[in-house]
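S.K.: Please see the structure below; I have some questions.
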Amino acid sequence: AIRTVFAGGAAAAAVTSLNEETAAQNFHQHENFNDTKFYGKRQQNITDATAIPIIEEKMEIGKREVETGGVRLKSRVVQENVEENVNLRSEHVRVEQMPVNRPATAADLEAFKEGTIEMKEYAEIPVISKEAFVTGEVSLAKEVHENTETVAGTIRKTEVETENFTEETDKLSTDKDKLSGNEESGFYK
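If you count by our numbering, then the sequence shown holds residues 465 to 653, one letter each, in order.
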(Lines of atoms letter the chains of each structure in order from A; the text may use other names.)
(Lines give C-alpha, C1' and ligand atoms only; values in the text may rest on other atoms or scores of the structure.)
Protein backbone atom coordinates (compact mmCIF):
# COMPACT_ATOMS: atom_id res chain seq x y z
CA ALA A 465 0.00 0.00 0.00
CA ILE A 466 1.10 3.59 0.52
CA ARG A 467 3.86 2.73 3.00
CA THR A 468 5.53 0.29 0.62
CA VAL A 469 5.26 2.67 -2.34
CA PHE A 470 6.69 5.60 -0.43
CA ALA A 471 9.15 3.57 1.64
CA GLY A 472 12.24 5.38 0.42
CA GLY A 473 13.45 8.36 2.41
CA ALA A 474 13.99 10.44 -0.74
CA ALA A 475 10.35 10.05 -1.76
CA ALA A 476 9.14 11.09 1.67
CA ALA A 477 11.39 14.13 1.61
CA ALA A 478 10.24 14.99 -1.91
CA VAL A 479 6.58 14.82 -0.93
CA THR A 480 7.00 16.99 2.14
CA SER A 481 8.99 19.61 0.28
CA LEU A 482 6.45 20.07 -2.55
CA ASN A 483 3.95 22.84 -2.46
CA GLU A 484 0.32 22.33 -3.51
CA GLU A 485 0.76 23.55 -7.10
CA THR A 486 3.60 21.22 -8.00
CA ALA A 487 2.32 18.24 -5.99
CA ALA A 488 -0.21 17.24 -8.66
CA GLN A 489 2.32 17.60 -11.47
CA ASN A 490 5.17 15.70 -9.76
CA PHE A 491 3.07 12.98 -8.16
CA HIS A 492 4.18 10.32 -10.65
CA GLN A 493 7.81 11.44 -10.90
CA HIS A 494 9.73 9.60 -8.25
CA GLU A 495 11.62 6.32 -8.11
CA ASN A 496 9.01 4.33 -6.13
CA PHE A 497 6.02 5.05 -8.40
CA ASN A 498 4.77 1.95 -10.28
CA ASP A 499 2.30 2.43 -13.16
CA THR A 500 1.16 -1.19 -13.10
CA LYS A 501 0.23 -1.14 -9.43
CA PHE A 502 -1.42 2.26 -9.64
CA TYR A 503 -3.40 1.94 -12.88
CA GLY A 504 -3.50 -1.82 -13.40
CA LYS A 505 -6.97 -2.43 -12.09
CA ARG A 506 -8.43 0.61 -13.85
CA GLN A 507 -7.51 -0.35 -17.39
CA GLN A 508 -10.04 -2.18 -19.55
CA ASN A 509 -9.35 -4.72 -22.20
CA ILE A 510 -10.60 -2.85 -25.23
CA THR A 511 -10.91 -4.79 -28.47
CA ASP A 512 -12.05 -3.63 -31.88
CA ALA A 513 -15.75 -3.90 -30.97
CA THR A 514 -17.03 -3.02 -27.54
CA ALA A 515 -20.71 -3.09 -26.65
CA ILE A 516 -22.92 -2.27 -23.71
CA PRO A 517 -26.03 -4.41 -23.59
CA ILE A 518 -29.27 -2.46 -23.28
CA ILE A 519 -31.43 -4.39 -20.87
CA GLU A 520 -35.02 -3.60 -20.04
CA GLU A 521 -37.22 -5.33 -17.49
CA LYS A 522 -40.78 -6.21 -18.43
CA MET A 523 -43.43 -6.29 -15.73
CA GLU A 524 -45.87 -9.17 -15.86
CA ILE A 525 -48.97 -9.09 -13.72
CA GLY A 526 -50.40 -12.40 -12.57
CA LYS A 527 -53.02 -13.48 -10.08
CA ARG A 528 -53.12 -15.96 -7.26
CA GLU A 529 -55.90 -16.82 -4.88
CA VAL A 530 -55.47 -16.09 -1.19
CA GLU A 531 -57.80 -16.64 1.72
CA THR A 532 -59.22 -13.35 2.97
CA GLY A 533 -61.79 -14.51 5.51
CA GLY A 534 -64.97 -16.49 5.67
CA VAL A 535 -68.11 -17.26 7.63
CA ARG A 536 -68.66 -20.20 9.93
CA LEU A 537 -72.15 -21.30 10.99
CA LYS A 538 -72.51 -23.05 14.33
CA SER A 539 -75.79 -24.45 15.59
CA ARG A 540 -76.63 -25.09 19.21
CA VAL A 541 -79.78 -26.16 21.01
CA VAL A 542 -81.14 -23.73 23.57
CA GLN A 543 -83.99 -24.27 26.01
CA GLU A 544 -86.85 -21.90 26.55
CA ASN A 545 -89.58 -22.12 29.18
CA VAL A 546 -93.06 -21.90 27.67
CA GLU A 547 -96.33 -21.54 29.58
CA GLU A 548 -99.88 -22.12 28.32
CA ASN A 549 -103.25 -22.16 30.09
CA VAL A 550 -105.38 -25.30 29.73
CA ASN A 551 -108.82 -26.08 31.23
CA LEU A 552 -108.91 -29.39 33.13
CA ARG A 553 -112.03 -31.26 34.30
CA SER A 554 -112.18 -33.39 37.44
CA GLU A 555 -114.93 -35.56 38.94
CA HIS A 556 -115.79 -35.97 42.62
CA VAL A 557 -118.24 -38.57 44.02
CA ARG A 558 -120.69 -37.14 46.43
CA VAL A 559 -122.66 -39.32 48.86
CA GLU A 560 -126.23 -38.18 49.39
CA GLN A 561 -128.95 -39.63 51.52
CA MET A 562 -132.58 -38.68 50.94
CA PRO A 563 -135.55 -39.64 52.99
CA VAL A 564 -137.98 -41.92 51.09
CA ASN A 565 -141.33 -43.26 52.31
CA ARG A 566 -142.91 -45.80 49.88
CA PRO A 567 -143.68 -49.51 49.88
CA ALA A 568 -140.83 -51.81 48.59
CA THR A 569 -141.17 -53.18 45.10
CA ALA A 570 -139.95 -56.50 43.70
CA ALA A 571 -136.83 -54.81 42.43
CA ASP A 572 -136.20 -53.34 45.83
CA LEU A 573 -136.59 -56.76 47.43
CA GLU A 574 -134.17 -58.34 44.97
CA ALA A 575 -131.51 -55.75 45.86
CA PHE A 576 -132.18 -56.34 49.53
CA LYS A 577 -128.96 -58.24 50.31
CA GLU A 578 -125.35 -57.44 51.11
CA GLY A 579 -123.35 -55.86 48.33
CA THR A 580 -121.02 -53.14 47.25
CA ILE A 581 -121.58 -50.25 44.95
CA GLU A 582 -118.60 -48.37 43.49
CA MET A 583 -118.38 -45.18 41.53
CA LYS A 584 -114.98 -44.08 40.21
CA GLU A 585 -113.79 -40.51 39.98
CA TYR A 586 -111.93 -39.23 36.91
CA ALA A 587 -109.92 -36.12 36.29
CA GLU A 588 -108.02 -34.61 33.35
CA ILE A 589 -104.32 -34.02 33.75
CA PRO A 590 -102.09 -32.07 31.38
CA VAL A 591 -100.18 -34.21 28.90
CA ILE A 592 -97.24 -32.65 27.05
CA SER A 593 -96.21 -33.93 23.67
CA LYS A 594 -93.61 -32.31 21.46
CA GLU A 595 -93.29 -32.28 17.71
CA ALA A 596 -90.45 -30.57 15.82
CA PHE A 597 -91.18 -28.26 12.91
CA VAL A 598 -88.71 -26.61 10.55
CA THR A 599 -89.36 -22.89 10.84
CA GLY A 600 -86.44 -21.55 8.81
CA GLU A 601 -83.04 -22.27 7.31
CA VAL A 602 -79.68 -20.52 7.44
CA SER A 603 -77.37 -21.38 4.56
CA LEU A 604 -74.04 -20.26 3.15
CA ALA A 605 -73.58 -19.15 -0.44
CA LYS A 606 -70.85 -17.23 -2.24
CA GLU A 607 -71.18 -14.11 -4.30
CA VAL A 608 -68.34 -13.31 -6.67
CA HIS A 609 -67.49 -9.67 -7.30
CA GLU A 610 -64.94 -8.55 -9.85
CA ASN A 611 -63.11 -5.25 -9.79
CA THR A 612 -60.27 -3.71 -11.70
CA GLU A 613 -57.22 -2.57 -9.75
CA THR A 614 -54.28 -0.57 -10.98
CA VAL A 615 -51.06 -2.32 -10.06
CA ALA A 616 -47.91 -0.21 -9.97
CA GLY A 617 -44.36 -1.45 -9.95
CA THR A 618 -40.87 -0.29 -10.75
CA ILE A 619 -38.92 -1.68 -13.68
CA ARG A 620 -35.34 -0.99 -14.62
CA LYS A 621 -33.79 -0.40 -18.01
CA THR A 622 -30.39 0.50 -19.32
CA GLU A 623 -29.80 3.94 -20.77
CA VAL A 624 -26.49 4.60 -22.48
CA GLU A 625 -25.21 8.13 -22.82
CA THR A 626 -22.40 8.94 -25.23
CA GLU A 627 -19.79 11.55 -24.49
CA ASN A 628 -17.19 12.78 -26.91
CA PHE A 629 -13.97 13.21 -24.91
CA THR A 630 -11.53 13.98 -27.74
CA GLU A 631 -10.64 17.51 -28.68
CA GLU A 632 -10.56 16.74 -32.36
CA THR A 633 -14.23 17.07 -33.29
CA ASP A 634 -13.59 16.15 -36.92
CA LYS A 635 -12.68 12.55 -35.96
CA LEU A 636 -15.96 11.76 -34.17
CA SER A 637 -19.04 13.17 -35.82
CA THR A 638 -21.95 14.20 -33.67
CA ASP A 639 -24.22 14.28 -36.67
CA LYS A 640 -27.66 12.91 -35.85
CA ASP A 641 -27.92 10.21 -38.51
CA LYS A 642 -24.34 8.94 -38.14
CA LEU A 643 -24.36 8.57 -34.35
CA SER A 644 -27.57 6.82 -33.58
CA GLY A 645 -29.38 5.85 -36.71
CA ASN A 646 -32.16 8.46 -36.53
CA GLU A 647 -32.14 8.57 -32.70
CA GLU A 648 -31.30 11.69 -30.74
CA SER A 649 -27.61 12.36 -30.76
CA GLY A 650 -25.70 11.18 -27.71
CA PHE A 651 -28.46 9.21 -25.91
CA TYR A 652 -29.57 5.59 -26.41
CA LYS A 653 -32.42 3.70 -24.85
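We treat Cβ as the ideally placed atom computed from N, Cα and C, and that holds for glycine.
Is it the case that the segment 582-595 contacts the segment 519-531, given that we only count it when at least three CB pairs across the two stretches are under 8 angstroms?
M.R.: no
S.K.: Three-state secondary structure (DSSP) at Ala571?
M.R.: Walking along the sequence shown from the start, residue 571 turns up at place 107. Note: Ala571 maps to helix in three-state DSSP.
S.K.: From Glu585, Lys606 and Gly600, pick the residue whose C-alpha is nearest to that of Gly533; which is it?
M.R.: What you label residue 533 is simply residue 69 of the sequence shown in a count that begins at 1. It is Lys606.
S.K.: I'd like to know if the segment 543-556 and the segment 565-576 are in contact, where contact means that at least 3 CB-CB pairs between them fall below 8 angstroms.
M.R.: no
S.K.: Going by CA-CA distance only, name the one from Val559, Asn628, Gln493 and Thr618 that's closest to Glu520.
M.R.: Here residue 520 refers to the residue found at position 56 of the sequence shown. Ranking Val559, Asn628, Gln493 and Thr618 by Cα distance to Glu520 puts Thr618 first.
S.K.: Just the Cα atoms here: how many angstroms apart are Glu555 and Val564?
M.R.: The count along the sequence shown starts at 1 and reaches residue 555 at position 91. The count along the sequence shown starts at 1 and reaches residue 564 at position 100. Glu555 and Val564: Cα-Cα distance of roughly 27 angstroms.
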